[in-house]
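Below is one structure, written out as structure tokens, with a few remarks after it.
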Amino acid sequence: MNASLAVLGWTDLAATIVLAGGLFFAALIVAPSESGRRWRWRAVAALAVVLPAEFCVTALRMYEVSGLHGRVLVLDLLRTRWGLLWMGRSAGVALLAAGGSMPAGPLAALAAAWLVLRSFQGHAGAHGMVPALVDWLHLLAAAAWLGSLVQLALLPRPVPVAIAARVRVLATVALALLVPAGAYAAFLHVPHLHLFTESPYGKPLIAKLVLAAVLMALGAVNHFGHVPAMRRREPEAETSLIRAVRFEVLVGTLVLALTALLGVLPMPHGHAP
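What the sequence shown shows, in numbering that gives the first Met the number 0, is residues 0 to 272, in sequence order.
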């Protein structure tokens, strides 16, 4: 069951990042390409499948624990905190899909508000208001960064230097939010250092942090190397940038997979030895 939830959670998170990040890109950078718009619609389609699937799997788990079934089970699940947030997220997907004629700014603001629901639905929400809001900032920054990289990789060539520079600024701001929010979340969920290596939750978290460091290193290469080289009109600069961006997206996908896995693992509650 946990494996199914992890796969669904990864699909959910990746589609959420692509959808919200694509809307942030449109509002803050430039209108997406035709390929970029298609990927946003693919994200909507993925969410339209995965959200009901997550509801069904959660209902099955609830049935195994409570013995409830049928209409009573569905209504009871919808009345839970998780169910109410699930309904909000589902309605949000419909609103974002229907809002194609809205200006980019308001649509991006709606996407940012929609992300709050996911943060309250996960582990962070179980810890209270402040952890959930910190998680929302983390998710917001991740969507802005990774979602913008996806859209940048899908732009037709040549990519204007001004657009690459705007993505560079957005990635820098996102990183300034990601690092402290990620550190806070890591020590919130794993309160003692020995639990990083001695708990089922800690080991995937270490792997995620290592990949996040690789992601930041790739971003630094783009920030300090490839984008300035584009400004200097070096012939291979754009090709190098796009190659690095695609690799960043790949590493980011692995980070999201580990994040989804952590979302279904029990958090350690051990004490310092």
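We treat Cβ as the ideally placed atom computed from N, Cα and C, and that holds for glycine.
Just how far apart, CA to CA, sit residue i and residue j?
i, j, result
"residue 247", "residue 35", "17 Å"
"residue 270", "residue 149", "Note that residue 270 scores 42 on pLDDT, short of 50, meaning its location in the model is unreliable; the coordinates nonetheless yield the value given after this. Cα to Cα, the separation comes out at about 41 Å."
"residue 104", "residue 193", "45 Å"
"residue 93", "residue 65", "31 Å"
"residue 102", "residue 24", "13 Å"
"residue 191", "residue 199", "14 Å"
"residue 77", "residue 48", "18 Å"
"residue 142", "residue 233", "30 Å"
"residue 252", "residue 55", "25 Å"
"residue 91", "residue 113", "6 Å"
"residue 73", "residue 197", "38 Å"
"residue 225", "residue 169", "16 Å"
What would DSSP say about residue i, mapped onto helix, strand or coil?
i, result
"residue 68", "coil"
"residue 260", "helix"
"residue 183", "helix"
"residue 155", "coil"
"residue 192", "coil"
"residue 89", "helix"
"residue 231", "coil"
"residue 105", "helix"
"residue 79", "coil"
"residue 30", "coil"
"residue 199", "coil"
What does a CB cutoff of less than 8 Å around residue i pick up in its chain, not counting 5 residues either side in sequence?
i, result
"residue 67", "61 and 75"
"residue 162", "28, 29, 151 and 154"
"residue 53", "4, 7, 8, 11 and 85"
"residue 250", "210, 213, 214 and 217"
"residue 58", "72, 73 and 76"
Please confirm whether residue i and residue j have their CB atoms less than 8 Å apart.
i, j, result
"residue 254", "residue 183", "no"
"residue 138", "residue 203", "no"
"residue 98", "residue 17", "no"
"residue 160", "residue 230", "yes"
"residue 110", "residue 22", "yes"
"residue 208", "residue 180", "no"
Between which residues of its own chain and residue i is the CB-CB distance below 6 Å, once the five residues before and five after are set aside?
i, result
"residue 151", "166 and 244"
"residue 174", "none"
"residue 106", "22 and 98"
"residue 176", "136 and 140"
Classify residue i as buried or exposed, calling it buried when 16 or more other Cβ atoms lie within 10 Å of its own Cβ.
i, result
"residue 33", "exposed"
"residue 258", "buried"
"residue 119", "buried"
"residue 223", "exposed"
"residue 15", "buried"
"residue 135", "buried"
"residue 13", "buried"
"residue 144", "buried"
"residue 157", "exposed"
Take residue i and list the residues in its own chain whose beta-carbon comes closer than 7 Å to its own, dropping the five residues that flank it on each side.
i, result
"residue 124", "118 and 131"
"residue 87", "116"
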